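Student: Following this message is one structure expressed as C-alpha cells.
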Ligand code: NDP
Ligand code: GDR
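Residue numbers (my numbering): 22 to 394.
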C-alpha cells in the first residue's frame, strides 16, 4: 500500500516538529516547508532529517514562504498531498503589534494562498486541510469556559489575522465542499517551545539563574490566566481531526487554567526553590524564600529573582482563557495525557541540563563560544 503524503507548513516550529515525528511514525511521507534564513533554522527537525540519497527517504524539506503564492503552488503541485497542515505563522502575539501588516500577510493571506492553490490545482477533492486556529480568537472573552460556539473578540493583530484564516477555511468548506477544518487550540508548550513565549522564558531563565548565568527574570502581566497543555498531545489531535468522515472545527484544551505567576511558582519548585511574591503592579517581585536540594547553588534566601518590566505588557491583553474540549472528547475520543505539572517539570529539566552544560563550559573558559540565545 502506498503511504499517505502530508505537507506541513511551519515544520521547523514547535508543533511542526512534533507533528512530523508523529506522521513519520504512522508511515506517512512527510514534506515540510522551511524558510530561507541566514543561519540554520532546522534545529527542531534535525533529528529526523533523512539523506535524500537514501533509497527510500520519507522526510523532505522544501524552501518556501507563506507570502509567496507561486512558491506554494509549485510545492503543492509537486507534492500532491493527501493532507495539508497549515502550522506556519508569525505566531507571537506581542510581535504582531510591532509587525501587524506582515502578520496579516503570513497568517491571514498565507492561509488563503494555500486554499486557492489547492483549488487552482484541482486538488480540492483530494487534499484535506488543517488550519492552526487559536484560542486568541476569543480574546476579550464572552463566556467561560470557551467552546466552539463562543463568540470571537480578537485582541491583537495576530488574533485578527487568525480570525480571517478561521473564516476563510469555513468558507472554502461551505463553498467548494473542501475537507477543511479549524483546530481552535489553546496554549500548548514543550521543551521545544520558542524561547520568548512566557512558559519557556520562565523555565529557561530560572534554570539559568539557578546556575548563576542570569540574575533576574523580567515579566509583564503575571495575572494572565492560561489553559496550558502539551504540544505532543495537541499534534495528535491535529492528525485525528483530518481522519474523520466529515470536516468540522474543534476546541482543543485541557479545561484547567493557571496564572503566569503560578507557572513561575511551579517552575521554581521544580528547581527546589520556594518563592515569595511581594508588592503589587510594577513593584511586584519574587524573592527566594527557601531552597532544597542542590539545583540552585548560585542562589541564597532573599535573592530577588523575578521583577516586572512594563516593556512586556501588551497594548491590549487577553486576561483569561479556559477551554471546554467536550466536543473533541465526545466525537474524536481525544484526551490530553500530560498535565501542566508534568509539562513544566519536563521543560525545567531540559533547560536545567542546558544551563548546567553552559555553566560548565563557562567555568572552563569556553563561554565566548557559547551563545546564550
Ligand atoms: P512556532 O512559532 O514555533 O512555529 C511557527 C512556524 O511557522 C515556524 O516553522 C516558522 O518558521 C514558520 N513561519 C513563520 N513565518 C513564516 C512564513 N512567512 N512562511 C512560512 N513559514 C513561516 O509556532 P507553534 O509551533 O507554537 O504553533 C504552530 C501554529 O499553531 C502557529 O500557526 C500558531 O499561530 C498556532 N497556534 C499555536 C499555539 C501554541 O500555543 N503553540 C496555540 C494555538 C495556535 P521559522 O522556524 O523559520 O521561524
Ligand atoms: P500567548 O502566549 O500570547 O497566549 O500566545 P505567551 O506565552 O506569549 O503569553 C502568555 C501570557 O503571558 C503574559 N506574559 C508574557 N508573555 C511573554 N511572551 N513574555 C513575557 O515576558 C510575559 N509576561 C507576561 C502575556 O501577556 C500573556 O497574557 C500563544 C502563542 O503560541 C499564539 O501563537 C497562540 O495562538 C496562543 O498562545 C494560543
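For every residue, glycine included, the Cβ atom is placed at its ideal position computed from N, Cα and C. Quick caveat, the model's predicted, so the values are computed rather than measured.
Does the beta-carbon of residue 208, which I'm using as the reference point, lie nearer than 7 Å to any heavy atom of ligand 1?
Tutor: Stepping through the chain shown from its first residue, residue 208 is reached at position 187. It does: the Cβ of residue 208 is within 7 Å (strictly closer) of some heavy atom of ligand 1.
Student: Give a yes or no on whether the C-beta atoms belonging to residue 178 and residue 228 are separated by under 8 Å.
Tutor: To locate residue 178, count along the chain shown from 1; it is residue 157. To locate residue 228, count along the chain shown from 1; it is residue 207. Contact: no.
Student: Which same chain residues end up closer than 6 Å to residue 131 when comparing Cβ atoms and leaving out the 5 residues on each side of it in sequence?
Tutor: Within the chain shown, numbered from 1, the residue matching residue 131 stands at position 110. For residue 131, where only same-chain residues beyond five positions count, the Cβ hits under 6 Å are 87.
Student: Classify residue 59: buried if its beta carbon has 16 or more other beta carbons within 10 angstroms, exposed otherwise.
Tutor: Numbered from its first residue, the chain shown carries residue 59 at position 38. With fewer than 16 other Cβ atoms within 10 Å, it is exposed.
Student: Would you tell me roughly how many angstroms separate the C-alpha atoms of residue 13 and residue 109, rounded to the nearest one?
Tutor: With the chain represented from 22 up to 394, any question about residue 13 goes unanswered, as that position is not in the structure.
Student: Going along the chain, which unbroken runs of the beta strand (DSSP E) with 3 or more residues stay wholly within the stretch 129–199?
Tutor: Entirely contained in the stretch 129–199, the beta strand (DSSP E) runs reaching 3 residues are, in chain order, 149–155.
Student: From the DSSP output, read off the bridge partner residues of residue 77.
Tutor: In the chain shown, counting from the first residue as 1, residue 77 sits at position 56. Its beta-bridge partners do not exist; DSSP assigns none.
Student: Tell me which same chain residues have a C-beta within less than 6 Å of the C-beta of residue 39, skipping the five on either side of it?
Tutor: For the purposes of this step, residue 39 is identified with residue 18 of the chain shown, where counting begins at 1. Contacts found: 252, 253 and 256.
Student: Determine, using beta carbons only, whether residue 273 and residue 207 come nearer to each other than 8 Å.
Tutor: In the chain shown, the residue the question calls residue 273 occupies position 252. In the chain shown, the residue the question calls residue 207 occupies position 186. Result yes, Cβ atoms of residue 273 and residue 207 sit closer than 8 Å.
Student: When you compare only the Cα positions, how much space is there between residue 453 and residue 319?
Tutor: Nothing can be reported for residue 453, as the shown portion of the chain is limited to 22 through 394.
Student: Can you grab the Cα-Cα spacing for the pair residue 393 / residue 224, in whole Å?
Tutor: As a working note, residue 393 is residue 372 in the chain shown. As a working note, residue 224 is residue 203 in the chain shown. Any reading at residue 393 must be qualified, since the residue scores a pLDDT of 36, below 50, and its modelled position is unreliable; no value is offered.
Student: Is any heavy atom of ligand 2 found at a distance shorter than 7 Å from the C-beta of residue 241?
Tutor: Along the chain shown, one-based indexing puts residue 241 at 220. It does: the Cβ of residue 241 is within 7 Å (strictly closer) of some heavy atom of ligand 2.
Student: Taking one C-beta from the stretch 300–312 and one from the stretch 196–205 each time, how about it: are there three or more such pairs within less than 8 Å?
Tutor: No: the two stretches stay apart, fewer than three of their Cβ pairs being nearer than 8 Å.
Student: Taking Cβ positions, are residue 333 and residue 246 nearer each other than 8 Å?
Tutor: The residue you call residue 333 lines up with position 312 of the chain shown. The residue you call residue 246 lines up with position 225 of the chain shown. Taking 8 Å as the Cβ cut-off, residue 333 and residue 246 do not qualify as a contacting pair.
Student: What's the C-alpha gap between residue 90 and residue 363?
Tutor: Within the chain shown, residue 90 is the residue found at index 69, counting from 1. Within the chain shown, residue 363 is the residue found at index 342, counting from 1. Near 41 Å, if we compare the C-alpha coordinates of residue 363 and residue 90.
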